[in-house]
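A.B. asks: Below are the C-alpha cells for one structure; questions will follow.
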Amino acid sequence: MPTTTRSCTRAEAVTDLRRVLEGLQDDEHSMCEVAARKGLFCHGFAQWSSTELRRRYPQITRSRPHLTRQVLEDLANRWQLARQQATGERTACDVQAQGERYPQCRGWDEFENHELEAFHAELCGEPIRIVAEG
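Numbering-wise, this note's numbering comes out as the position in the sequence shown, counting from 1, plus 983.
Structure representation (C-alpha cells):
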C-alpha cells in the first residue's frame, strides 16, 4: 500500500525539524556541534574546511589566529550556545536566521525546500512536500 506524503508549509516543516533537533542538543552541545558529531542535518562545523571555519568565526579567531580546529570548534560551540541563550532562540539555526552580526550561516534560510523535505524524512521519519503558504 503506497504511503501518502503530507503537504505542509515551510514554517510547519521547520517547526517539526526544530522539535527533533531541540531534543538532540543540551546546555553543552549546540545544534552545530551535534550535527557535526552525528553527521546529520547540515553537518554543522564539519561541513567546512578549517580555513572556512576560521573565516566564519572571525570574532573568535581575530585575537587567536593559531587555534587548533578542535579548540576552535569548542569555542564556536560555546559561542553558539551563548548567542542562543542571549537571544532566547531555540536552536542555533534560529539564531542564525535572525541575521546575526557574525553570520556563520543563514540558519533555516540556508536550505531550499527540497533539502528541508529530505531532512524531514531523515530526522522526523516522515516524507513531506512543502507547499506555498495560504
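Using N, Cα and C, we set each Cβ at its ideal position, and we do this for glycine too.
Can you check whether the CB of residue 1113 is closer than 8 Å to the CB of residue 1122?
C.D. replies: Only positions 984 to 1117 of the chain appear in this structure, which leaves residue 1122 out of reach.
A.B. asks: Going by the CB atoms, is the gap between residue 1090 and residue 1080 shorter than 8 Å?
C.D. replies: yes
A.B. asks: Which whole-angstrom value is the C-beta distance of residue 1099 and residue 996, which I expect to be below 8 Å?
C.D. replies: 5 Å
A.B. asks: Between residue 1056 and residue 1024, is the Cβ-Cβ spacing less than 8 Å?
C.D. replies: no
A.B. asks: Which residues bound the beta strand (DSSP E) around residue 1074?
C.D. replies: Unbroken run through residue 1074: none, as it is neither H nor E.
A.B. asks: Per DSSP, which one or two residues make a beta bridge with residue 1012?
C.D. replies: 1009
A.B. asks: What does the alpha-carbon distance come out to for the pair residue 1045 and residue 1038?
C.D. replies: 10 Å
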